[in-house]
Amino acid sequence: MDALNTVKRNANQLLALINDILDLSKVEAGRMELDWARHDICKLVDVQCQALAPSAKAKGLDFTVTTPADPIIIWTDKPKLIQI
């Protein structure tokens, strides 16, 4: 089930990236709107690392990330940050 969730999450991220590419005219015109909200950067990093871990493992790489136990809250546009 974890693999299926990872595939779904990655597919959603790719769809978001494609939509942003299609909206490139907004960026060029300076009209890209950001959806600012509070997010725990540790949680965001953990989720993204879980998505990358299977690819690393398939290549024989050891992929580990350690984040603090306490949340670190930042103001960000979560989908845009994830794309980076």
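Throughout the sequence shown, residue numbering follows the numbering used here, covering 893 to 976 in sequence.
Here a beta-carbon is modelled for each residue, glycine too, at the ideal position from N, C-alpha and C.
No experiment lies behind these values; they were computed from the predicted model shown.
Practice prompt. Would you give the residue range spanned by the beta strand (DSSP E) that residue 968 belongs to?
Written response: 965-968
Considering only the alpha carbon of each residue, which of 923, 931 and 938 lies closest to residue 960? 938
> In three-state DSSP terms, what is residue 932?
Replying inline: strand
message = Using a Cβ-Cβ cutoff of less than 8 Å, which residues in the same chain neighbour residue 870 once the five nearest sequence positions on both sides are dropped?
response = Because residue 870 is not part of the residues shown, which for the chain are 893 to 976, the question remains open.
Practice task
Might you give, ordered along the chain, the residues of its own chain that have their beta carbon closer than 7 Å to the beta carbon of residue 943, omitting 5 neighbours on each side?
Solution key: 898, 901 and 902
Which class does residue 976 belong to by DSSP, given the choice of helix, strand or coil? coil
>> What would DSSP say about residue 938, mapped onto helix, strand or coil?
In response: helix
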